[in-house]
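These notes concern the structure reproduced below.
Residue numbers (our numbering): 5 to 296.
Right, dumping it as C-alpha cells:
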C-alpha cells in the first residue's frame, strides 16, 4: 500500500461552530475544512464542505491567506444546509471547471418532520443549477472512489454496527414519508506513509465507527492516525457513546467539533486525554511521513 499513500496531509478548519479565543475568525453553525495533500512535491487542495453561508468562510480564508482559486476539488460530505449552504457563494470564487464531488442522492429533499417539516437539504442559494452557472462541475460518485493515489472517498458507507441508528429525518417516496437512509453521507480518507489513515468526516450520519470500518476496508490499512470532524453524538445513547469512544480510542488522535456534542467530547477527552483536541476555526493538523 506504500504506492497508495501520500507524503503529508495538512487539515485546516476554515469554518466551524467555535471561533476560538481572541481570534479574528468568524464562527457559524456548520463545517468547512481545507485538506492539503502532498505527494512527490505536488500539492492537491480539497475543500471539504462549505459551511452554512459563504461570507464567514471567505472571510476566514482571507485571514488564513488561502486563495479559493488554488482549490482543486470540493468534496461535499452530505447535503445538509450547514455543510452545503456556502457552496453557491464559494463557487463564484473557484476556478472554472472545479469538480464538486458528491453522492448522487445529494439533491434529494429531506425534512425534519417534528420541526414543522423543516427542510434541511441543499439551500436554493447553493442549488445544482446555481453552482453549474458559476462554472463548477458536479461529479457524482456513489461507490468508494480514489481522488488520487492515497486519497479516497468512502462512498456510501456500509452500516454494520447495531448501535449507530438512522436519525429522525425523512424523505417523501411515492407520496409517503419514509426515514431518510442518508446514503449520501461520505467521508474523505488519506493514507499517510508511515503514519496510517487520516479520516475526515462531516457529520458522520452513517456512524463514525461505520466510517472507520469502511476506511480500513477500502484502503486495506488498519492503522488510523487521526479522525477529524463532526461525529453527531450530541443525542447518542449510552451504548452508542461508550462503543464509539472505545473505537475512537484505537486511533492515535481525535479532533472533533460541530455536531459532536459537548458531553460526548468530554467523554472522548476523558478516555483519550491529550490525544483529543477541539476543532475550532483556524485549527491546523498536519501529518507527515518523515515525522514519527
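Beta carbons: idealized from backbone N, C-alpha and C, even for Gly.
A quick note: this is a predicted structure, and the numbers were derived from the prediction, not measured.
1) Would DSSP call residue 259 helix, strand or coil?
2) Is it buried or exposed, residue 223, if we count other Cβ atoms within 10 angstroms and call 16 or more buried?
3) Could you tell me which of 250, 201, 208, 193 sits nearest to residue 226, measuring between CA atoms?
4) Less than 8 angstroms between C-beta atoms, sequence neighbours within five positions excluded: which residues of the same chain meet that for residue 147?
5) Between the region 127 to 140 and the region 165 to 179, do at least 3 Cβ pairs fall closer than 8 angstroms?
6) Does the region 133 to 141 come close enough to the region 92 to 107 to have 3 or more Cβ pairs within less than 8 angstroms?
7) Would DSSP call residue 12 helix, strand or coil?
8) Residue 11 to residue 252, Cα distance in whole Å?
9) For residue 29, collect the residues of the same chain with a Cβ closer than 7 angstroms to its Cβ; drop the 5 residues on either side in sequence, then sort them by chain order.
10) Going along the chain, which residues of its own chain have a beta-carbon closer than 6 angstroms to the beta-carbon of residue 46, five neighbours each way excluded?
11) Using CA coordinates, which residue listed in 88, 193, 257, 283 is at the minimum distance from residue 264?
12) Can you find the residues in the same chain that come closer than 7 angstroms, C-beta to C-beta, to residue 165, ignoring five residues on each side of it along the sequence?
13) Once DSSP output is grouped into helix, strand and coil, what is the label at residue 230?
14) In whole angstroms, give me the CA-to-CA distance for residue 278 and residue 145.
15) Tell me, please, which residues DSSP counts as bridged to residue 289.
16) In whole angstroms, what separates the C-alpha of residue 180 from that of residue 110?
17) Let me know if residue 197 comes out buried or exposed under the rule of 16 or more other beta-carbons within 10 Å of its beta-carbon.
18) Can you have a look at residue 16 and say buried or exposed, based on whether 16 or more other CB atoms are within 10 angstroms of its CB?
19) Quick check: what's the CA-CA separation for residue 154 versus residue 194?
20) Just to confirm the assignment, what range does the alpha helix (DSSP H) spanning residue 33 have?
21) Measuring straight from C-alpha to C-alpha, what distance separates residue 5 and residue 217?
22) Are the CB atoms of residue 39 and residue 20 nearer to each other than 8 angstroms?
23) According to DSSP, is residue 103 part of a helix, a strand, or is it coil?
24) Which residues does DSSP pair with residue 62 in a beta bridge?
25) Which value, in whole angstroms, describes the spacing of the CA atoms of residue 297 and residue 219?
26) Quick one: grab the DSSP three-state call for residue 5.
27) Is the separation between the beta-carbon of residue 62 and that of residue 206 shorter than 8 angstroms?
28) Mapping the DSSP letters down to three states, classify residue 115 as helix, strand or coil.
29) Residue 93: buried (16+ other C-beta within 10 angstroms of its C-beta) or exposed?
On the basis of the data shown:
1) In the chain shown, residue 259 corresponds to position 255, counting from 1. Residue 259 falls in the strand class under three-state DSSP.
2) As a first step, residue 223 is located in the chain shown; it is residue number 219 there, counting from the start. For residue 223, the number of other beta carbons within 10 angstroms of its own is at least 16, and it is reported as buried.
3) As a first step, residue 226 must be located in the chain shown, where it is residue number 222. Ranked by Cα distance from residue 226, the first of 250, 201, 208, 193 is 201.
4) For the purposes of this step, residue 147 is taken as residue 143 along the chain shown, with counting starting at 1. Here the set comprises 159, 160.
5) Output reads no: the region 165 to 179 does not touch the region 127 to 140.
6) Cβ pair count under 8 angstroms is three or more, so yes.
7) Counted from its first residue, the chain shown places residue 12 at position 8. The answer is strand: DSSP assigns residue 12 an E or B state.
8) The count along the chain shown starts at 1 and reaches residue 11 at position 7. The count along the chain shown starts at 1 and reaches residue 252 at position 248. In this structure, the CA atom of residue 11 is about 24 angstroms from the CA atom of residue 252.
9) The sequence position of residue 29 within the chain shown is 25, counting from 1. Excluding positions up to five away in sequence, the list reads 23, 64, 67, 285, 286.
10) In the chain shown, counting from the first residue as 1, residue 46 sits at position 42. Excluding positions up to five away in sequence, the list is empty.
11) Counting from one through the chain shown, the residue named residue 264 turns up at place 260. Considering only alpha carbons, the answer is 283.
12) One-based indexing of the chain shown puts residue 165 at position 161. 211, 213, 214.
13) In the chain shown, counting from the first residue as 1, residue 230 sits at position 226. DSSP places residue 230 in strand when its eight states are reduced to three.
14) By 1-based counting over the chain shown, the position of residue 278 is 274. By 1-based counting over the chain shown, the position of residue 145 is 141. If I take the Cα positions, the gap works out to 36 angstroms.
15) Residue numbering aside, residue 289 sits at position 285 when the chain shown is read from its first letter. Per DSSP, the beta bridge partners of residue 289 are 15.
16) Within the chain shown, numbered from 1, the residue matching residue 180 stands at position 176. Within the chain shown, numbered from 1, the residue matching residue 110 stands at position 106. Taken atom to atom, the span from the alpha-carbon of residue 180 to that of residue 110 is near 20 angstroms.
17) In the chain shown, the residue the question calls residue 197 occupies position 193. A buried status is given to residue 197, since no fewer than 16 other beta-carbon atoms sit within 10 Å of its beta-carbon.
18) Here the question's residue 16 lines up with position 12 in the chain shown. Buried.
19) By 1-based counting over the chain shown, the position of residue 154 is 150. By 1-based counting over the chain shown, the position of residue 194 is 190. Roughly 6 angstroms separates the two Cα atoms.
20) Looking up residue 33 in the chain shown gives position 29. Element bounds for residue 33: n/a, residue is neither H nor E.
21) For this step, residue 5 is matched to residue 1 along the chain shown. For this step, residue 217 is matched to residue 213 along the chain shown. At residue 5, the pLDDT of 47 sits below 50, so the modelled position is not reliable; the number obtained from the coordinates is stated separately. Using only the alpha carbons, I get a separation of about 17 angstroms.
22) In the chain shown, counting from the first residue as 1, residue 39 sits at position 35. In the chain shown, counting from the first residue as 1, residue 20 sits at position 16. Not in contact: residue 39 and residue 20 (Cβ atoms no closer than 8 angstroms).
23) What you label residue 103 is simply residue 99 of the chain shown in a count that begins at 1. Strand, per DSSP.
24) Here residue 62 is taken as the residue at index 58 of the chain shown, counted from 1. In the DSSP output, where bridge partners are listed per residue, residue 62 has none listed.
25) It is not possible to answer for residue 297, since the shown part of the chain is limited to 5 through 296.
26) Here the question's residue 5 lines up with position 1 in the chain shown. Confidence is the limiting factor: at residue 5 the pLDDT is only 47, short of 50, which leaves the residue's position unreliable and the question unanswerable from this model.
27) Stepping through the chain shown from its first residue, residue 62 is reached at position 58. Stepping through the chain shown from its first residue, residue 206 is reached at position 202. Cβ distance not < 8 angstroms, so residue 62 and residue 206 don't count as in contact.
28) Locating residue 115 in the chain shown gives position 111, counting from the first residue. When DSSP states are grouped into helix, strand and coil, residue 115 belongs to the strand group.
29) Taking the first residue of the chain shown as 1, we reach residue 93 at position 89. Taking a 10 Å sphere around the C-beta of residue 93, we find 16 or more other C-beta atoms and assign the residue as buried.
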